[in-house]
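Protein chains: 2
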Amino acid sequence: MRADARKNHDHLLAVAGAVITEQGVDASLRDIARRADVGLATLLRHFPTREALLDALLRTSFDELTTKAAELETSSSPEDALVSWLRDFVACARDYRGVVTSMMTAIEDTQSALHASCVTMRASGTRLLARAQAEGTARSDIDGTDLFALAGSLAWLGDQPSLAPRADHLFDVVTSAILTSAGNSNAEAERRPRARG
Amino acid sequence: MRADARKNHDHLLAVAGAVITEQGVDASLRDIARRADVGLATLLRHFPTREALLDALLRTSFDELTTKAAELETSSSPEDALVSWLRDFVACARDYRGVVTSMMTAIEDTQSALHASCVTMRASGTRLLARAQAEGTARSDIDGTDLFALAGSLAWLGDQPSLAPRADHLFDVVTSAILTSAGNSNAEAERRPRARG
DNA sequence: ACCTGAACACCGTTCAAGT
DNA sequence: ACCTGAACACCGTTCAAGT
Numbered sequence: 094m095r096a097d098a099r100k101n102h103d104h105l106l107a108v109a110g111a112v113i114t115e116q117g118v119d120a121s122l123r124d125i126a127r128r129a130d131v132g133l134a135t136l137l138r139h140f141p142t143r144e145a146l147l148d149a150l151l152r153t154s155f156d157e158l159t160t161k162a163a164e165l166e167t168s169s170s171p172e173d174a175l176v177s178w179l180r181d182f183v184a185c186a187r188d189y190r191g192v193v194t195s196m197m198t199a200i201e202d203t204q205s206a207l208h209a210s211c212v213t214m215r216a217s218g219t220r221l222l223a224r225a226q227a228e229g230t231a232r233s234d235i236d237g238t239d240l241f242a243l244a245g246s247l248a249w250l251g252d253q254p255s256l257a258p259r260a261d262h263l264f265d266v267v268t269s270a271i272l273t274s275a276g277n278s279n280a281e282a283e284r285r286p287r288a289r290g
Numbered sequence: 094m095r096a097d098a099r100k101n102h103d104h105l106l107a108v109a110g111a112v113i114t115e116q117g118v119d120a121s122l123r124d125i126a127r128r129a130d131v132g133l134a135t136l137l138r139h140f141p142t143r144e145a146l147l148d149a150l151l152r153t154s155f156d157e158l159t160t161k162a163a164e165l166e167t168s169s170s171p172e173d174a175l176v177s178w179l180r181d182f183v184a185c186a187r188d189y190r191g192v193v194t195s196m197m198t199a200i201e202d203t204q205s206a207l208h209a210s211c212v213t214m215r216a217s218g219t220r221l222l223a224r225a226q227a228e229g230t231a232r233s234d235i236d237g238t239d240l241f242a243l244a245g246s247l248a249w250l251g252d253q254p255s256l257a258p259r260a261d262h263l264f265d266v267v268t269s270a271i272l273t274s275a276g277n278s279n280a281e282a283e284r285r286p287r288a289r290g
């Protein structure tokens, strides 16, 4: 890549990250190009679709998440590893409002520029789920696609501004449906009612 | 309302219902007006915002849901009533792709034309939740807003075409996190692993 | 190689003019 | 009262022309 092209590429990515953090994944591409002091056609030349741009923006987070999932497979208990991965996934999706819906669409669309990344993510989660299931700490009647769906629904909850104050609590509730360990059972929650703000 | 206006109103509602069922809540208003053989300005005169149109479209379902919730309060066991209401809510939201996100936005926006309907819905759910909590069949550390959020996340899952085949299963998983009864406990799910397609 | 302005077919909003 | 065409400021896509 030519030096000027490289510079445009990196600058566009930085500006797009800022704009999409502000406005969500449906932000105007024209606006991004404008803020980057570049023609709209130049943005489209570097990132031919909105999803290609999203994939580039998420690349770093995705790669980190994949690496971390591999580490968790050996460094943590199966249960902690699974919950930790879920937490990371949700945190990563929260960076860009609406991105989890794009991901759920992309994972079923082989043509999407986001497809491969999503498949990799789901595979990481699937491995951690299987390990927890083998240990008996995750319910056995869900598979990797179910887990990815539940992770997605958690990210969707995290996307709703009105639910921000209770995002952690809702995370615990849904996670308790995935786990089977006593510490997260509903009976336990029943015994120790938690004060709400 | 004048006769011709009434006719336009009803016709627009019917056409809008069809188009939004096909294309989701972000369907082009211009397209709806075009298909109704009416000027775009006429559509906007009857329904000044997209949310006003959505509210009108959902009015019937909303009212039925509210009525049914009141009936469930006396006719069913607290647990069955709560699950039944959740199921109806999800079914109603599935009519229009993306509507649950509009609802979650609207319930925090007093100005939204959808606001009042959403508040009523949440109140219905809250009453059913409280009854189940009093009986001990719903976990005590969630409130009506949490329930509405979880119902929303279930509707979001139902919105994803790729998850359609497992929508019922995911409903059961999330519902098991809300309920505390033995028949839905994770331990029980663990004992009777369920075959997946 | 890479960039860009302009043309294109869309969108929702607004309003003066028509019946 | 109610309807509408047209003007407006947007949007993403495409491509011939420039450097």
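Heads up: the sequence lines are chains G and V, in that order. Numbered by this note's numbering, the letters in the first sequence go through residues 94 to 290 in order. Numbered by this note's numbering, the letters in the second sequence go through residues 94 to 290 in order. C-beta: ideal position from N, C-alpha, C; glycine also.
Check                                                                                                                                                                   : Outcome
DSSP puts Ala126/G in a beta bridge; with which residues?                                                                                                               : Answer is none; Ala126/G lacks a bridge partner.
Taking a Cβ distance cut-off of 9 Å, strictly less, list which residues of the region 107–118 of chain V are near chain G, in chain order.                              : none
Using C-beta distances below 8 Å, list every residue in its chain close to Thr213/V, excluding the 5 sequence neighbours before and after it, in chain order.           : Phe155, Thr159
Can you check whether the C-beta of Phe140/G is within less than 8 Å of a C-beta belonging to chain V?                                                                  : no
Does any residue of chain V have a CB that is nearer than 8 Å to the CB of Arg127/G?                                                                                    : no
Check whether chain G comes within 8 Å of Asp239/V, counting only Cβ atoms and requiring the distance to be less than that.                                             : yes
What does a CB cutoff of less than 6 Å around Glu228/G pick up in its chain, not counting 5 residues either side in sequence?                                           : Pro171
What are the partner residues of Ala231/G, as DSSP defines its beta bridges?                                                                                            : Leu272/G
Measuring alpha carbon to alpha carbon, tell me which of Ser205/V, Thr198/V, Asp234/V, Arg232/V ends up nearest Gly245/V.                                               : Thr198/V
At a threshold of 7 Å, does Lys161/V count as lining the ligand NAD (C-beta to nearest heavy atom)?                                                                     : Among the components modelled here there is no ligand, and therefore nothing to report on the ligand NAD.
Note down, in chain order, every chain G residue with its Cβ under 7 Å from the Cβ of Trp249/V.                                                                         : Ser246, Trp249
Should Leu243/G be flagged as near chain V, meaning a C-beta pair shorter than 8 Å?                                                                                     : yes
Could you check the C-alpha separation between Ser278/G and Ser169/G for me, to the nearest Å?                                                                          : Residue placement at Ser278/G is flagged as unreliable, the pLDDT there being 44, under the threshold of 50; the coordinate-derived value follows with that caveat. C-alpha separation (whole angstroms): 21 Å.
So which residues on chain V does Glu201/G lean against when the C-beta distance must stay under 8 Å?                                                                   : Pro254, Ser255
With a threshold of 8 Å, are at least 3 pairs of Cβ atoms found where one atom belongs to the region 173–187 of chain V and the other to the region 202–210 of chain V? : no
With three or more C-beta pairs closer than 8 Å as the rule, is the region 96–115 of chain V touching the region 128–141 of chain V?                                    : yes
If you follow the alpha helix (DSSP H) that Glu172/V is part of, which residue opens it and which one closes it?                                                        : 171–187
Is Met197/G helix, strand or coil when you go by DSSP?                                                                                                                  : helix
Below 8 Å on C-beta distance, what does Arg259/G contact in chain V?                                                                                                    : Thr238, Asp239, Ala242
Taking only the alpha-carbon atoms, compute the straight-line gap between Lys100/V and Gly117/G and give it to the nearest angstrom.                                    : 39 Å
Hey, does His208/G have any beta-carbon neighbour from chain V nearer than 8 Å?                                                                                         : no
Can you give me the C-alpha to C-alpha distance between Ala149/V and Cys185/V, rounded to a whole angstrom?                                                             : 14 Å
If you draw a straight line from the alpha carbon of Ala231/G to that of Arg220/G, how long is it in whole angstroms?                                                   : 12 Å
Express the C-alpha separation of Ala270/G and Ile235/V in angstroms, rounding to a whole number.                                                                       : 14 Å
How close, in whole Å, do the beta carbons of Ala242/G and Gly251/G come, if the pair is a contact with beta carbons under 8 Å?                                         : Contact doesn't hold; Cβ gap of about 15 Å is too wide.
Got a sec: is the Cβ-Cβ distance from Met214/V to anything in chain G below 8 Å?                                                                                        : no
State buried or exposed for Gly191/G, treating a residue as buried only when at least 16 other CB atoms are found within 10 Å of its CB.                                : buried
Residues in the region 216–236 of chain V with C-beta within 8 Å of chain G's C-beta atoms, listed in sequence order?                                                   : Gly229, Arg232, Ser233, Asp234, Ile235, Asp236
Measuring alpha carbon to alpha carbon, tell me which of Ser177/G, Lys161/G, Ala223/G ends up nearest Asp265/G.                                                         : Ser177/G
Return the first residue and the last residue of the alpha helix (DSSP H) that Gly117/G is part of.                                                                     : Here Gly117/G belongs to no alpha helix (DSSP H), and DSSP marks it neither H nor E.
Could you tell me the distance, in whole angstroms, from the CA atom of Asp97/G to the CA atom of Thr135/G?                                                             : 12 Å
Between Thr273/G, Val267/G, Trp249/G, which has its C-alpha nearest Ser233/G's C-alpha?                                                                                 : Thr273/G
Using only the alpha-carbon positions, how far apart do Arg143/V and Leu256/G sit?                                                                                      : 23 Å
Anything in chain V within Cβ reach of Ser195/G, meaning under 8 Å, just list it in chain order.                                                                        : Ordered by position in chain V, no residue passes the 8 Å Cβ test against Ser195/G, which lies about 11 Å from the chain.
Counting only beta-carbon atoms, is Ser269/V nearer than 8 Å to chain G?                                                                                                : yes
Could you list which residues in chain G have their beta carbon closer than 9 Å to that of Leu263/V, in chain order?                                                    : Ile235, Asp239, Ala242, Leu243, Ser246
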